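*Asks:* In order, the protein sequence lines correspond to chains A and B. At position 7 of the first sequence the residue is numbered 24 (our numbering), and the sequence of numbers has no breaks. At position 142 of the second sequence the residue is numbered 159 (our numbering), and the sequence of numbers has no breaks.
2 protein chains.
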Amino acid sequence: MITIAVDAMGGDHAPVPEVSGAVQAASTQDVNILLVGKEQVLQAELKKFDGWKKLPIRIVNATEVVTMEDNPAKALRTKRDSSMRVAARLVRDGEAQGWISAGNTGAVMAISKTVLGMIPGVDRPALAQAFPTIKGKPAVLVDVGANVDSSAQMLAQFAVMGEIYSRLVFHTESPSVGILSIGEEDHKGNELTKSAASLMKALPLNFVGNVEGRDLYTGLTDVIVCDGFIGNVALKVSEGLVDVIKHMLKESLESTIASKIGYVLSRQAFKDFRKRMDYSEYGGAPLLGVKGVVIICHGRSNDNAIRNAIRVATESATEHVNDRIEIEIQRWQASSTNDPEV
Amino acid sequence: MITIAVDAMGGDHAPVPEVSGAVQAASTQDVNILLVGKEQVLQAELKKFDGWKKLPIRIVNATEVVTMEDNPAKALRTKRDSSMRVAARLVRDGEAQGWISAGNTGAVMAISKTVLGMIPGVDRPALAQAFPTIKGKPAVLVDVGANVDSSAQMLAQFAVMGEIYSRLVFHTESPSVGILSIGEEDHKGNELTKSAASLMKALPLNFVGNVEGRDLYTGLTDVIVCDGFIGNVALKVSEGLVDVIKHMLKESLESTIASKIGYVLSRQAFKDFRKRMDYSEYGGAPLLGVKGVVIICHGRSNDNAIRNAIRVATESATEHVNDRIEIEIQRWQASSTNDPEV
Numbered sequence: 018m019i020t021i022a023v024d025a026m027g028g029d030h031a032p033v034p035e036v037s038g039a040v041q042a043a044s045t046q047d048v049n050i051l052l053v054g055k056e057q058v059l060q061a062e063l064k065k066f067d068g069w070k071k072l073p074i075r076i077v078n079a080t081e082v083v084t085m086e087d088n089p090a091k092a093l094r095t096k097r098d099s100s101m102r103v104a105a106r107l108v109r110d111g112e113a114q115g116w117i118s119a120g121n122t123g124a125v126m127a128i129s130k131t132v133l134g135m136i137p138g139v140d141r142p143a144l145a146q147a148f149p150t151i152k153g154k155p156a157v158l159v160d161v162g163a164n165v166d167s168s169a170q171m172l173a174q175f176a177v178m179g180e181i182y183s184r185l186v187f188h189t190e191s192p193s194v195g196i197l198s199i200g201e202e203d204h205k206g207n208e209l210t211k212s213a214a215s216l217m218k219a220l221p222l223n224f225v226g227n228v229e230g231r232d233l234y235t236g237l238t239d240v241i242v243c244d245g246f247i248g249n250v251a252l253k254v255s256e257g258l259v260d261v262i263k264h265m266l267k268e269s270l271e272s273t274i275a276s277k278i279g280y281v282l283s284r285q286a287f288k289d290f291r292k293r294m295d296y297s298e299y300g301g302a303p304l305l306g307v308k309g310v311v312i313i314c315h316g317r318s319n320d321n322a323i324r325n326a327i328r329v330a331t332e333s334a335t336e337h338v339n340d341r342i343e344i345e346i347q348r349w350q351a352s353s354t355n356d357p358e359v
Numbered sequence: 018m019i020t021i022a023v024d025a026m027g028g029d030h031a032p033v034p035e036v037s038g039a040v041q042a043a044s045t046q047d048v049n050i051l052l053v054g055k056e057q058v059l060q061a062e063l064k065k066f067d068g069w070k071k072l073p074i075r076i077v078n079a080t081e082v083v084t085m086e087d088n089p090a091k092a093l094r095t096k097r098d099s100s101m102r103v104a105a106r107l108v109r110d111g112e113a114q115g116w117i118s119a120g121n122t123g124a125v126m127a128i129s130k131t132v133l134g135m136i137p138g139v140d141r142p143a144l145a146q147a148f149p150t151i152k153g154k155p156a157v158l159v160d161v162g163a164n165v166d167s168s169a170q171m172l173a174q175f176a177v178m179g180e181i182y183s184r185l186v187f188h189t190e191s192p193s194v195g196i197l198s199i200g201e202e203d204h205k206g207n208e209l210t211k212s213a214a215s216l217m218k219a220l221p222l223n224f225v226g227n228v229e230g231r232d233l234y235t236g237l238t239d240v241i242v243c244d245g246f247i248g249n250v251a252l253k254v255s256e257g258l259v260d261v262i263k264h265m266l267k268e269s270l271e272s273t274i275a276s277k278i279g280y281v282l283s284r285q286a287f288k289d290f291r292k293r294m295d296y297s298e299y300g301g302a303p304l305l306g307v308k309g310v311v312i313i314c315h316g317r318s319n320d321n322a323i324r325n326a327i328r329v330a331t332e333s334a335t336e337h338v339n340d341r342i343e344i345e346i347q348r349w350q351a352s353s354t355n356d357p358e359v
């Protein structure tokens with residue numbers, strides 16, 4: 018059975034959603050959980066759940082906590098017994114097959130790279146975020162913030178990794194892969210997208226070329242590749258806009274008696290709608306390219322998000338996403354070395 | 018009185034919304050309109066409006082039309098009697114104080130730059146898009162697609178131009194200016210945002226530093242500066258997301274009888290909501306930095322969008338936005354030349 022280490026101290030509301038999400042995962046999924054953090058704190062939190070002792074959950078003590086304000090490089094150097102670092106070590110040492118954290122994203126990335134190392138052939142790790150689309154099935158945006166000022170070579174590697182993630186974890190058959198740009202025609206874009214597109218054309222992918230911002234949510238493209246600066250802006254603009262729309266819609270709906278009654282009658286519909294738009298259903302963003310499964314959750318993650326992140330981590334481990342990445346990246350590099358034209 | 022030239026042949030549904038919008042503007046605003054395009058077509062369209070002859074509208078004939086599929090550079094070279102080019106010439110020759118178009122954006126930009134020239138001291142023109150915020154007043158994003166791979170110097174110029182536009186056209190007192198990045202802290206961002214931020218700090222602006230994607234719609238920052246690739250992605254992701262949300266919400270609301278009734282009762286609220294989210298209320302995006310007022314509208318513009326674009330063009334001309342840009346850019350350049358540290 019797969020074992021997943023959960024950094025129980027990282028998120029904004031830690032350890033509450035972490036522990037609750039872990040209990041839910043251990044009750045409903047086929048997974049062992051290692052809850053990593055301050056032993057006494059976690060014991061007290063776990064006691065709130067009747068019968069937790071029968072669940073496959075074990076606490077692993079870690080005396081230090083990386084905060085959201087910590088500088089990632091400094092946290093890496095100085096907090097050697099942080100819950101993050103201990104969780105990463107459990108993966109490195111084979112005691113867990115993956116780890117998840119809702120903590121400081123920069124620190125999770127730095128610790129993962131250092132403790133686990135990179136998959137041979139991958140230059141830089143990338144964060145892949147799944148999100149809801151109009152078609153119902155999720156699309157994957159990669160990179161959403163692990164790197165800025167990416168090279169074309171990096172973007173092509175993100176494409177390979179994102180395609181494998183979509184295929185193995187979301188079970189998309191032959192996922193279509195596009196590059197986020199400012200027009201569908203090949204000549205539209207910037208220097209980076211143009212050179213990345215020409216690299217990606219040569220890969221054994223279902224490459225569909227440029228995808229515009231407005232097509233992110235249509236679900237027509239399964240994997241959309243971009244530099245982490247762009248991906249982060251696209252994701253955060255979306256988050257902000259959803260908040261604004263909720264706010265404005267509520268204001269409009271409360272403005273007259275008729276619409277207030279209408280709002281009450283439609284409550285279930287709004288609930289369904291919110292669930293469909295809810296990122297937490299998609300279970301965090303994997304940091305692809307490091308040797309080991311790492312899932313990064315939003316700092317504001319609730320127990321549902323944690324539970325889903327554990328599910329994605331388990332599935333990534335079961336499906337051997339990282340082995341697949343290593344094989345396909347090396348196959349690609351071998352073929353480009355053999356090809357006299359490249 | 019201000020005269021505005023309207024490219025009546027450019028938009029997806031030309032000349033219907035162009036002519037209708039022009040008639041509405043001429044009826045309600047203090048402005049003369051020159052409707053530019055194929056004379057017979059425009060005459061036939063104008064005849065649909067009773068009493069148009071009493072309005073300050075005149076047709077200016079142009080025999081050619083730039084289509085959405087035309088290559089901008091080619092349209093510039095070959096279609097010398099296009100409605101765009103004739104409209105731009107009217108501005109150059111002082112017969113109009115500004116022009117608007119819902120046509121091929123690339124062609125409008127190329128024609129504007131060539132026919133009107135640049136304001137001295139401005140390296141490249143920038144498209145400034147106003148959009149709705151939670152605070153009710155619009156914010157301005159600049160550049161939303163006139164340039165890719167911008168330099169830090171260009172971004173600083175966009176800041177100066179955007180601030181003047183916000184101040185003079187939206188009457189924002191001392192507009193706050195931020196740079197779109199991936200974290201609020203100074204050290205977060207890419208090479209471009211970091212060097213642009215250090216230039217912008219030295220400018221006589223109410224500069225607030227980095228702004229995250231999720232703060233675009235809060236209305237806390239009045240002018241948000243970015244490279245045109247990023248701005249275009251941010252804008253189009255937003256457009257796409259609004260479409261998806263409308264679609265999903267409608268689906269959810271139609272799923273049960275109670276929610277269907279609720280939807281009917283809330284219809285007015287949804288209408289208000291749509292109006293608040295409607296970009297066309299903000300009247301197109303000015304192309305800042307060229308010598309002359311140019312407002313670029315969405316290809317799908319309706320008559321309301323055209324009418325508002327004419328209003329924004331008139332206001333930009335009345336408030337001498339371009340003179341102000343020329344003065345402030347030159348003042349800044351003079352001060353940085355005198356400053357031995359720069």
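Even for Gly, the Cβ is constructed at its ideal location relative to N, Cα and C. Please read these numbers as outputs of a predicted model, since none were measured by experiment.
1. CA-CA distance, residue 85 of chain B and residue 165 of chain B?
2. Helix, strand or coil for residue 20 of chain B per DSSP?
3. Please work out which residues of its chain come closer than 7 Å, Cβ to Cβ, to residue 357 of chain B, disregarding the five sequence neighbours upstream and downstream, and give them in chain order.
4. Considering only the beta carbon of each residue, do residue 4 of chain A and residue 143 of chain A sit closer than 8 Å?
5. Could you name the residues of the same chain whose beta carbon sits closer than 7 Å to that of residue 47 of chain B, not counting the 5 residues immediately before and after it, in chain order?
6. Got a sec: which bits of the region 250–267 of chain B sit with their beta carbon under 8 Å from any beta carbon on chain A, in order along the chain?
7. Does the beta carbon of residue 199 of chain B sit closer than 8 Å to a beta carbon anywhere in chain E?
8. Closest to residue 82 of chain B by CA distance: which of B:43, B:300, B:118, B:347 is it?
9. Could you check where the beta strand (DSSP E) with residue 193 of chain B kicks off and where it finishes?
10. How would you write the range of the alpha helix (DSSP H) that residue 302 of chain A sits in, first residue to last?
11. Going by DSSP, which residues form a beta bridge with residue 75 of chain B?
12. Please report the straight-line C-alpha distance between residue 154 of chain B and residue 268 of chain A, rounded to a whole angstrom.
13. If contacts are defined as beta-carbon pairs under 8 Å, then residue 324 of chain A and residue 42 of chain A qualify, I think. What distance do you get, rounded to the angstrom?
14. So residue 33 of chain B and residue 62 of chain B are in contact, right, with Cβ under 8 Å, and what is the actual spacing, rounded?
15. Counting only C-beta atoms, is residue 282 of chain B closer than 8 Å to chain A at any point?
16. By Cβ distance below 6 Å, which residues in the same chain neighbour residue 29 of chain B in space, the five residues on each side in sequence not counted?
17. Alpha carbon to alpha carbon, how far is residue 352 of chain B from residue 359 of chain B? Give it in angstroms, no decimals.
18. Counting only C-beta atoms, is residue 233 of chain A closer than 8 Å to chain B at any point?
19. With a threshold of 8 Å between beta-carbons, can residue 357 of chain A be considered close to chain B, or not?
20. Beta strand (DSSP E) containing residue 224 of chain A: first to last residue?
21. Does the region 299–312 of chain A come within contact of the region 91–98 of chain A, defined as at least 3 CB pairs closer than 8 Å?
22. Which ranges does the beta strand (DSSP E) cover as unbroken runs of at least 3 residues, wholly within the region 134–184 of chain B, from first to last along the chain?
23. Mind checking residue 281 of chain A: buried by the 16 CB within 10 Å criterion, or exposed?
24. Using beta carbons (cut-off 8 Å, strictly below), is residue 194 of chain B in contact with chain A?
25. Where does residue 345 of chain A sit, in a helix, a strand or coil, going by DSSP?
26. In chain B, which residues lie less than 7 Å from residue 246 of chain A when you measure between Cβ atoms?
27. CA-CA distance, residue 182 of chain A and residue 311 of chain A?
28. State yes or no: is the beta carbon of residue 176 of chain A nearer than 8 Å to at least one beta carbon in chain B?
29. From the beta carbon of residue 120 of chain B, is the nearest beta carbon of chain A less than 8 Å away?
30. Roughly how many angstroms lie between the CA atoms of residue 65 of chain B and residue 194 of chain A, to the nearest whole one?
31. Enumerated in chain order, which unbroken segments of the alpha helix (DSSP H) with a length of 4 residues or greater are wholly contained in the region 86–117 of chain B?
32. Using the C-alpha atoms, what's the distance from residue 53 of chain A back to residue 31 of chain A?
33. Is it true that the region 211–218 of chain A meets the region 159–176 of chain A, where meeting means three or more beta-carbon pairs spaced less than 8 Å apart?
34. Throw me the rounded Cβ distance for the residue 39 of chain B and residue 23 of chain B pair, which I believe falls under 8 Å.
35. For residue 310 of chain A, which three-state DSSP category applies?
36. Excluding the 5 residues flanking residue 342 of chain A on each side, which residues of the same chain have their C-beta closer than 6 Å to its C-beta?
*Replies:* Straight from the coordinates:
1. If you draw a straight line from the Cα of residue 85 of chain B to the Cα of residue 165 of chain B, it is about 20 Å long.
2. strand
3. Unreliable placement is indicated for residue 357 of chain B, whose pLDDT of 49 sits below 50; no coordinate value is reported for it.
4. Outside the modelled stretch of chain A, which goes from 18 to 359, sits residue 4 of chain A, for which no answer is possible.
5. 18
6. 250, 251, 252, 253, 254, 255, 256, 257, 258, 259, 260, 261, 262, 264, 265, 266
7. Among the chains of the structure shown, chain E does not appear; the protein chains present are A and B.
8. B:118
9. 193–198
10. Premise fails: residue 302 of chain A lies in the beta strand (DSSP E), 302–305, not in any alpha helix (DSSP H).
11. DSSP lists B:51 as partners of residue 75 of chain B.
12. 16 Å
13. 5 Å
14. The pair is a contact, with the Cβ atoms about 7 Å apart (cut-off 8 Å).
15. yes
16. 316, 317
17. Reliability of the predicted coordinates at residue 359 of chain B is poor, the pLDDT of 41 falling under 50, and the value obtained from them is presented with this limitation in mind. For residue 359 of chain B and residue 352 of chain B, the distance between alpha carbons rounds to 10 Å.
18. Residue 233 of chain A has a beta carbon lying within less than 8 Å of a beta carbon in chain B.
19. At residue 357 of chain A the pLDDT is 49, less than 50, meaning the model places this residue with poor confidence; the figure from the coordinates comes in the next sentence. Not closer than 8 Å to any Cβ of chain B, the Cβ of residue 357 of chain A fails to qualify, so no.
20. 223–229
21. no
22. Taking only runs of at least 3 residues, the beta strand (DSSP E) segments lying wholly in the region 134–184 of chain B are 143–148, 156–159.
23. exposed
24. no
25. Of the three classes helix, strand and coil, the one that applies to residue 345 of chain A here is helix, per DSSP.
26. 199, 207
27. 13 Å
28. no
29. no
30. So the two alpha carbons sit approximately 48 Å from each other.
31. Entirely contained in the region 86–117 of chain B, the alpha helix (DSSP H) runs reaching 4 residues are, in chain order, 89–95, 100–109.
32. 12 Å
33. The region 211–218 of chain A is in contact with the region 159–176 of chain A.
34. 5 Å
35. The answer is strand: DSSP assigns residue 310 of chain A an E or B state.
36. 136, 178, 181
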